[in-house]
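J.: Sequence lines, in order, name chains A and B.
Here the numbering used here is used: the first residue of the first sequence is 25, the next is one more, and so on.
Here the numbering used here is used: the first residue of the second sequence is 25, the next is one more, and so on.
C-beta atoms are modelled at their ideal positions from N, C-alpha and C, and glycine is treated no differently.
Please read these numbers as outputs of a predicted model, since none were measured by experiment.
2 protein chains.
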Amino acid sequence: MAGRNARSGKEQQDKPRDPQAVLALLWGEQEQPTRGPKPTLSPQRIAAAAVELADAQGLDAVSMSKVAAEFGVSAMALYRYVPGKAELVELMIESVLAEVPDLSAAEGDWRAATRLWARRCLDLYRAHPWALAATAMRRQAMGPHQLRWLDAAHAALEPTGLPAAQRHQVFVLVVGLVRSLAQQTADFDADQDREWNRLTAEVLRRHADRFPALTRAIAEGAFEPDGTDPLDFGLDRILDGVEALVAGRP
Amino acid sequence: MAGRNARSGKEQQDKPRDPQAVLALLWGEQEQPTRGPKPTLSPQRIAAAAVELADAQGLDAVSMSKVAAEFGVSAMALYRYVPGKAELVELMIESVLAEVPDLSAAEGDWRAATRLWARRCLDLYRAHPWALAATAMRRQAMGPHQLRWLDAAHAALEPTGLPAAQRHQVFVLVVGLVRSLAQQTADFDADQDREWNRLTAEVLRRHADRFPALTRAIAEGAFEPDGTDPLDFGLDRILDGVEALVAGRP
DNA sequence: GCTGTTGTGTTTACGGTATATACAGTTGGT
DNA sequence: ACCAACTGTATATACCGTAAACACAACAGC
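1. Which same chain residues end up closer than 8 Å to V202 of chain A when comparing Cβ atoms and leaving out the 5 residues on each side of it in sequence?
2. If you follow the alpha helix (DSSP H) that R258 of chain B is part of, which residue opens it and which one closes it?
3. Consult DSSP for T239 of chain A and reduce its assignment to one of helix, strand or coil.
4. Check each residue of the region 216-231 of chain A: if its Cβ is closer than 8 Å to any Cβ of chain B, include it; give the result in chain order.
5. Which same chain residues end up closer than 8 Å to L259 of chain A when comparing Cβ atoms and leaving out the 5 residues on each side of it in sequence?
6. Does the beta carbon of F95 of chain A sit closer than 9 Å to a beta carbon anywhere in chain B?
7. Based on Cα-Cα distance, which residue from A:A179, A:P57, A:E123, A:A157 lies nearest to D79 of chain A?
8. Taking 8 Å as the threshold, find out whether the region 114-134 of chain A comes into contact with the region 114-124 of chain B through three or more Cβ pairs.
9. What residue range does the alpha helix (DSSP H) around P168 of chain A cover?
10. For the 8 Å Cβ check, are there 3 or more pairs between the region 242-250 of chain A and the region 181-191 of chain B?
11. Hey, L47 of chain A and L223 of chain B are a contact pair by Cβ (cut 8 Å); roughly how many whole angstroms apart?
12. With a Cβ-Cβ cutoff of 9 Å, do A182 of chain A and A243 of chain B count as a contact?
13. Taking Cβ positions, are F235 of chain B and L115 of chain A nearer each other than 9 Å?
14. One question on the structure: do G52 of chain B and P67 of chain B come within less than 9 Å of each other, judged by their Cβ atoms?
15. Please determine, among A:M100, A:P153, A:F257, the residue with the shortest C-alpha to C-alpha distance to H207 of chain A.
16. Are the C-beta of A72 of chain A and some C-beta of chain B separated by less than 9 Å?
17. With DSSP collapsed to three states, give me the class of R203 of chain B.
18. Sorted by chain position, which residues of the same chain lie with C-beta nearer than 6 Å to Q54 of chain B's C-beta, five sequence neighbours on each side aside?
19. Along chain A, in chain order, which residues have C-beta atoms closer than 9 Å to that of D175 of chain B?
20. Using the C-alpha atoms, what's the distance from T159 of chain A back to Y103 of chain B?
21. Spell out whether any CB of chain B is found under 9 Å from the CB atom of W134 of chain A.
22. Since P254 of chain A meets chain B, which of its residues come closer than 8 Å, beta carbon to beta carbon?
23. Quick one: using the 10 Å Cβ neighbour count with 16 as the cut-off for buried, is G265 of chain B buried or exposed?
24. If I measure Cβ to Cβ from L174 of chain A and keep anything under 6 Å in the same chain, skipping five residues before and after, which residues do I get?
25. Since P43 of chain A contacts E219 of chain B with CB under 8 Å, what's their CB separation in whole angstroms?
26. Closest by CA to P57 of chain A, which one among A:Y105, A:A129, A:E76, A:H169?
27. Taking C-beta pairs closer than 7 Å, name the residues in chain A that H169 of chain B reaches, listed in chain order.
28. Please decide whether P15 of chain A counts as near chain B, where near means a Cβ-Cβ distance under 9 Å.
29. Tell me whether D250 of chain A sits in a helix, a strand or coil according to DSSP, three-state version.
30. Just the Cα atoms here: how many angstroms apart are G185 of chain B and V270 of chain B?
31. Could you check whether the Cβ of R144 of chain A sits closer than 9 Å to any Cβ belonging to chain B?
32. Please classify K284 of chain B: does DSSP put it in a helix, a strand, or coil?
33. Report yes if the CB atom of A110 of chain A is closer than 9 Å to the CB atom of A101 of chain A, and no otherwise.
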């Protein structure tokens, strides 16, 4: 990848915004001024409005002017509170992560605790489908809520007795599953989905010879819902695998 | 915007483009005309140029005019070959998936075959970091190359003897891991990354009491590279879990 | 050969985006 | 009271995707 600068998301990049300022924003650690008129907004209120917009109409609907319109102010007013749109999205993510999962009910039981964590995380992605796309590129800045989630995951996995590095690998595994599942159900429109499935199935039938295994799998009903919860299934596999590692089974 | 339509990506949505036309484009199944001037371009060449651009400068750099400029034509010329930008991105993905992994070396060994598949997939995401963001929203259209990858995965997992629905769940699990890992290393800029880590570590130290487990994990070196390949580790867990399922171990 | 149809690439234009800049009004510290 | 600091606004720039109208090119049928 030679040089730097091969970003992917729609936000940020070439504009090397002051990292320290971004972190201060995320952590709410900027001292507020005493002079001047009282601010009518706050980064948090702006982010909350943006989240509402994104929840209702998707991430595309979140533009500076539309968010500003929610408060009846001009688009440029937002720049008094937020350095730019990229940072607004970071704040949106942080805002959505506000309620950290309470794993105390599963105290000491790392399987139950991890299950609970994953379930909460998936709920969150389901409630805010835009969060998937918003976090699709590597984000550099982590706010307190995000770190609290990370902390909760590590706390859940501590009873395994695994070294920290391996705990983190397990965490990556679980997040991967959750995001993968969230993506499957994001923005699900039944009618439209059916139409696409129909057309894809048709074209697949016409080229069945090029996709033998897939054709067999479909014939076997691989894509029909089979009653089991996909998250439970995936977690069972992962946690079984982890348990084998913990137990030192060969 | 009542019901549906809460998309997340930056592309498509409210414009209900003809699904059949999109599939025909992806599958190269549109009959070409006999009349009129010879086309100077093709959807494939356009997609290839766009991929080159995205590889070099990120997905943001892929705009109709920039892609068109690569051929010395006007932006609107592209619309003779591609319905719109969303479809161009679909073509880019399809283009990048062109070389389907050859799993014949691992014939019959589902663990080795799955490993190989995952490795190829991760290589692909590493080579084209923008693909992560480009596939972050639910894509409806699947081209032949994409289906070949899916077919290969199912073929790899067939020897497990698991029912097709469970094979697919395992596939989801593996994809989740690969994407999760790809995201960690996407757009990695060593200097910048160090700076962010430094600042985050500092702010974390200041609030260590709120993140006890995370603080312990960091002290234990959870984020230092430990020599083991993260993909291998994750796959070992997943495949151990699957093997337990296959063996019917309680 | 000619003519008409069809497909090509271009130009122009519109509405949208993020955001830099210059400004006018408000407030508190001095 | 004054000034510095801070607020929100208006204006302007440079993009973006793409709709529409156009001029030209090449084959089909005559």
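T.: In brief:
1. Numbered from its first residue, the first sequence carries residue 202 of chain A at position 178. Taking C-beta separations shorter than 8 Å and ignoring five residues to either side along the sequence, the partners of V202 of chain A in its chain run A142, C145, L146, Y149, L255, following chain order.
2. Counting from one through the second sequence, the residue named residue 258 of chain B turns up at place 234. It is worth fixing the name first, because residue 258 of chain B is Gly in this sequence and not Arg. Its alpha helix (DSSP H) spans residues 254-271.
3. Along the first sequence, one-based indexing puts residue 239 of chain A at 215. Reduced to three states, the DSSP call for T239 of chain A is helix.
4. Q216, D217, E219, W220, L223, T224, V227, L228, H231
5. Against the first sequence, residue 259 of chain A aligns to sequence position 235. Around L259 of chain A: T138, R139, A142, V198, L201.
6. Against the first sequence, residue 95 of chain A aligns to sequence position 71. By this cut-off, F95 of chain A is not an interface position.
7. To locate residue 79 of chain A, count along the first sequence from 1; it is residue 55. Among A:A179, A:P57, A:E123, A:A157, the Cα nearest to that of D79 of chain A is on A:A157.
8. no
9. On the first sequence, position 144 is the one that residue 168 of chain A refers to. For P168 of chain A, the enclosing alpha helix (DSSP H) stretches over residues 168-181.
10. yes
11. For the purposes of this step, residue 47 of chain A is taken as residue 23 along the first sequence, with counting starting at 1. For the purposes of this step, residue 223 of chain B is taken as residue 199 along the second sequence, with counting starting at 1. Contact between L47 of chain A and L223 of chain B holds, since their C-beta atoms are separated by about 6 Å, short of 8 Å.
12. Counting from one through the first sequence, the residue named residue 182 of chain A turns up at place 158. Counting from one through the second sequence, the residue named residue 243 of chain B turns up at place 219. Correcting the residue type first, residue 182 of chain A is Glu in the shown sequence and not Ala. Not in contact: E182 of chain A and A243 of chain B (Cβ atoms no closer than 9 Å).
13. As a first step, residue 235 of chain B is located in the second sequence; it is residue number 211 there, counting from the start. As a first step, residue 115 of chain A is located in the first sequence; it is residue number 91 there, counting from the start. With respect to L115 of chain A, F235 of chain B sits apart: the two C-beta atoms are not nearer than 9 Å.
14. Looking up residue 52 of chain B in the second sequence gives position 28. Looking up residue 67 of chain B in the second sequence gives position 43. Contact: yes.
15. Translated into the one-based positions of the first sequence, residue 207 of chain A becomes position 183. The amino acid at residue 207 of chain A is misidentified as His; the sequence shows Gln. When only C-alpha atoms are compared, the closest one is A:P153.
16. Along the first sequence, one-based indexing puts residue 72 of chain A at 48. No, A72 of chain A does not count as interfacial toward chain B.
17. Against the second sequence, residue 203 of chain B aligns to sequence position 179. Here R203 of chain B sits in helix by DSSP.
18. On the second sequence, residue 54 of chain B is found 30 positions in, with the first residue counted as 1. Sequence-distant Cβ neighbours of Q54 of chain B in its own chain, meaning closer than 6 Å and more than five residues away, are A48.
19. The residue you call residue 175 of chain B lines up with position 151 of the second sequence. Simply R234, F235, P236, A237, L238, T239, A241.
20. Numbered from 1 along the second sequence, position 79 holds the residue referred to as residue 103 of chain B. Numbered from 1 along the first sequence, position 135 holds the residue referred to as residue 159 of chain A. Straight-line Cα distance between these residues: approximately 30 Å.
21. For the purposes of this step, residue 134 of chain A is taken as residue 110 along the first sequence, with counting starting at 1. By this cut-off, W134 of chain A is not an interface position.
22. Along the first sequence, one-based indexing puts residue 254 of chain A at 230. Per Cβ cutoff of 8 Å: Q193, V196.
23. Translated into positions along the second sequence, residue 265 of chain B becomes position 241. G265 of chain B is buried by the Cβ-count criterion.
24. For the purposes of this step, residue 174 of chain A is taken as residue 150 along the first sequence, with counting starting at 1. For L174 of chain A, same chain residues with a beta-carbon under 6 Å away, outside a window of 5 residues either side, do not exist.
25. For the purposes of this step, residue 43 of chain A is taken as residue 19 along the first sequence, with counting starting at 1. For the purposes of this step, residue 219 of chain B is taken as residue 195 along the second sequence, with counting starting at 1. Contact holds; Cβ gap of about 6 Å.
26. By 1-based counting over the first sequence, the position of residue 57 of chain A is 33. Of A:Y105, A:A129, A:E76, A:H169, the residue nearest in Cα terms is A:Y105.
27. Translated into the one-based positions of the second sequence, residue 169 of chain B becomes position 145. Ordered by position in chain A, no residue passes the 7 Å Cβ test against H169 of chain B, which lies about 11 Å from the chain.
28. There is no way to answer for residue 15 of chain A, as the model of chain A reaches only from 25 to 274.
29. As a working note, residue 250 of chain A is residue 226 in the first sequence. In this structure, D250 of chain A counts as coil in the three-state DSSP scheme.
30. Translated into positions along the second sequence, residue 185 of chain B becomes position 161. Translated into positions along the second sequence, residue 270 of chain B becomes position 246. Between G185 of chain B and V270 of chain B, the C-alpha separation is close to 7 Å.
31. Position 120 of the first sequence, counted from the first residue, corresponds to residue 144 of chain A. Cβ-Cβ to chain B under 9 Å: no for R144 of chain A.
32. Chain B is shown from 25 up to 274; residue 284 of chain B falls before or after that span and cannot be answered.
33. If you number the first sequence from 1, residue 110 of chain A lands on position 86. If you number the first sequence from 1, residue 101 of chain A lands on position 77. Their beta carbons are not under 9 Å apart, which means A110 of chain A does not touch A101 of chain A by this criterion.
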